[in-house]
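Residue numbers (the working numbering): 1091 to 1355. Glycine is no exception: its CB is placed at the ideal position from the N, C-alpha and C atoms. Just so it is clear, the structure is predicted and the values come from calculations on it, not from any experiment. Report on the structure given below.
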Amino acid sequence: MQRRKHVVGNWKMNGDLAANDALLSACLGLPRSEVAVDLCVPFPYLAQAAARLAGSAISLGAQDVSEFECGAYTGEVAGSMLKEFGCRHAIVGHSERRTWFGDTDDRVAAKAARSIAAGLIPIVCVGETLLEREQGRAEEVVARQLDAVLERIGAAGMAGSMLAYEPVWAIGTGRTASPEEAQAMHAMIRAHVREHDARVAAELVVLYGGSVKSSNAASLFACDDIDGGLIGGASLMADDFLRIVDAAARAGIEAKAEAFASAGG
Ligand code: 13P
């Protein structure tokens, strides 16, 4: 199954009007390619980014979404609001939200469901901590996080979603999962979804996130089950981000050539 490569920038809580403007200008200079590029910016800058990205091939995303519909929920941002500002994606269940803001498996599932209801594509993040990996529980933890979402949205909902495997120990630490470690977890994730629906599993975009840089992107993106990256720190540095997108474009071309050759082309 030939899936398109995706590169998603997660700016986290960074930026100001002037810096965003420069970064958006640089991203707009990206050559057209098969890679789907998305920028997830802080809520207050959605309007700025939407205006700059209008008419371009780069799509816009949010970093979180409320589990509720509009109403008396001070401080929350509804999916319908994100949609109105041109968002295509919403990250849900990022480990920073799970760690610092009380996002439980259940709440993440509710946010994924609410995103889909609002017409957004949730990018559902899963990933184990270092302790969980050292205890040999990495797969069990990721499967649990995935099951909570699958139970809520089913295979049909998963068909309209994206996943991101982000090992917590690799986020912002400079320590990346090796391509082998990442590929093994991505394969497990896809196999887990396959138990519900083989076609949805085959088409599912599963991103890797955690210290992706221009120096390691190519080896990660070359893995069969890694469909691109969710990029934190490096998405704030235009040169690095552009090189990561280029690595995804090259990996996509190589995968296509391989598929063509193995089909006897
Ligand atoms: P870093 O790329 O800074 O490690 O962050 C990864 C991440 O959390 C993306 O969502």
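What separation, rounded to the nearest whole angstrom, lies between the Cα atoms of residue i and residue j?
i	j	result
GLU1166	ARG1188	16 Å
CYS1177	LEU1150	5 Å
VAL1239	ARG1197	9 Å
GLU1222	GLY1145	44 Å
SER1115	ARG1227	43 Å
SER1251	ILE1213	6 Å
ALA1147	SER1123	9 Å
ARG1204	ASP1193	14 Å
Start and end of the alpha helix (DSSP H) containing residue i?
i	result
PRO1269	1269-1284
ASP1336	1328-1352
LEU1253	From DSSP, LEU1253 is part of no alpha helix (DSSP H) but of the beta strand (DSSP E) over 1252-1255.
Looking at residue i: is its Cβ nearer than 9 Å to the Cβ of residue j?
i	j	result
CYS1313	ALA1281	no
VAL1302	ALA1328	no
GLY1161	ILE1206	no
LEU1107	LEU1326	no
VAL1127	LEU1297	no
VAL1258	GLY1217	yes
What I want to know is whether the C-beta of residue i ends up closer than 8 Å to one or more non-hydrogen atoms of the ligand 13P.
i	result
ARG1302	Contrary to the premise, residue 1302 reads as Val rather than Arg in this sequence. Yes, the Cβ of VAL1302 comes within 8 Å of a heavy atom of the ligand 13P.
SER1305	no
ALA1109	no
ALA1254	yes
HIS1184	yes
THR1263	yes
ILE1181	yes
SER1146	no
Let's test the definition: count the other Cβ atoms within 10 Å of the Cβ of residue i and tell me whether it reaches 16, buried, or not, exposed.
i	result
LEU1118	exposed
GLY1262	exposed
MET1103	exposed
GLY1318	buried
GLY1264	exposed
ALA1353	exposed
ILE1343	exposed
THR1164	exposed
Would you check whether the ligand ATP has a heavy atom nearer than 8 Å to the C-beta of residue i?
i	result
LEU1320	Among the ligands in the structure shown, the ligand ATP does not appear; only the ligand 13P can be found there.
Between which two residues does the beta strand (DSSP E) containing residue i stretch?
i	result
GLY1099	1096-1100
GLY1318	1318-1321
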